[in-house]
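Written below as structure tokens is the structure these notes are about.
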Amino acid sequence: MTQLDKNKNYTLEEFFDLVKEEERAELYEGVPVFMSPASFEHEGVIANIIGEFSSGLKGNSCQVFGSNIQVIFPFKDEKKGKDDVTVLPDISIVCDKSKLRNKRCYGAPNLVVEVLSPSTARNDRLLKRHYYEKAGVEEYLIIDYLNRNIEKYVLHGDSYQLEDVYSSENQTFTSTVFPNVIFSIDDIFSFLD
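Going by numbering that gives the first Met the number 0, the residue at position 56 of the sequence shown is 55; the numbering climbs one at a time, nothing skipped.
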């Protein structure tokens with residue numbers, strides 16, 4: 000694994016020069032964060048969600064990506080003055096193909112999904128949510144497999160509103176941004192039984 004100084008801030012260029020392509024790492028305002036391997040439960044939920052979105056978007060020009068595409072946000076953080084942010088969402092859906100270059104996404108995907116893990120829950124709920132909101136990601140889903148629910152945040156103006164919380168009690172999820180994507184919450188979590 001690449002050794003980076005946690006006390007040093009890195010530019011995007013330095014980060015991409017130093018971090019190997021196969022390493023899972025993000026850059027939060029210049030600070031590198033290495034990701035732990037995902038759990039069985041985490042990966043199972045991601046696989047099921049990718050399947051549902053891929054099926055619902057069939058024939059559409061949008062592309063569904065798993066967690067290996069770096070998403071780079073072109074903004075400066077007002078509080079810290081840093082503009083070096085790149086994240087690895089669990090799932091990204093990108094409809095504007097001009098954002099896809101060099102195996103990366105430059106700018107906001109249309110929809111992002113994060114599956115909570117004990118080690119990432121705080122960043123997913125606070126820091127990454129802030130980045131997605133600020134960058135203009137239209138719909139943000141937070142999936143909690145321990146509690147078997149999906150929180151759907153939709154961008155209204157420049158801030159997210161919690162539109163719904165879907166639970167595993169025979170509820171059906173419908174995407175706001177992609178209304179053809181409809182699936183049973185039970186189907187997403189059924190492998191956990």
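Glycine included, C-beta positions come from ideal geometry on N, C-alpha and C.
Small disclaimer: the values here were computed from a predicted structure and weren't measured.
Please return the same chain residues whose Cβ sits closer than 8 angstroms to the Cβ of Ile49, not counting the five positions on each side in sequence. Excluding residues within five positions, the ones whose Cβ falls inside 8 angstroms are Val63, Gly65 and Ile90.
What residue range does the alpha helix (DSSP H) around Lys151 cover? Taken as a continuous stretch (DSSP letters only), Lys151 belongs to no alpha helix (DSSP H), being part of the beta strand (DSSP E) at Asn148 to His155.
C-beta contact flag for Ser158 and Glu137 at 9 angstroms: no
ask   = Going along the chain, which unbroken runs of the alpha helix (DSSP H) with 4 or more residues stay wholly within the stretch 90–168?
value = 127–134
For the pair the stretch 15–22 and the stretch 107–120, tell me if three or more CB-CB distances fall below 8 angstroms.
no
Practice task
Please determine, among Val44, Tyr9, Ala37 and Leu154, the residue with the shortest C-alpha to C-alpha distance to Tyr27.
Solution key: Measuring from the Cα of Tyr27, the nearest candidate turns out to be Tyr9.
Practice problem: Please name the residue in Asn148, Tyr152, Gly156 and Lys7 whose C-alpha comes closest to that of Asp185. | Solution: The option with the nearest alpha carbon to Asp185 is Asn148.
Apart from the five residues just before and just after Ser118, which ones in its own chain have a Cβ nearer than 7 angstroms to its Cβ?
Ser35
_Among Asp82, Asn67, Phe15 and Ser189, nearest to Leu145 - alpha-carbon criterion_ = Ser189
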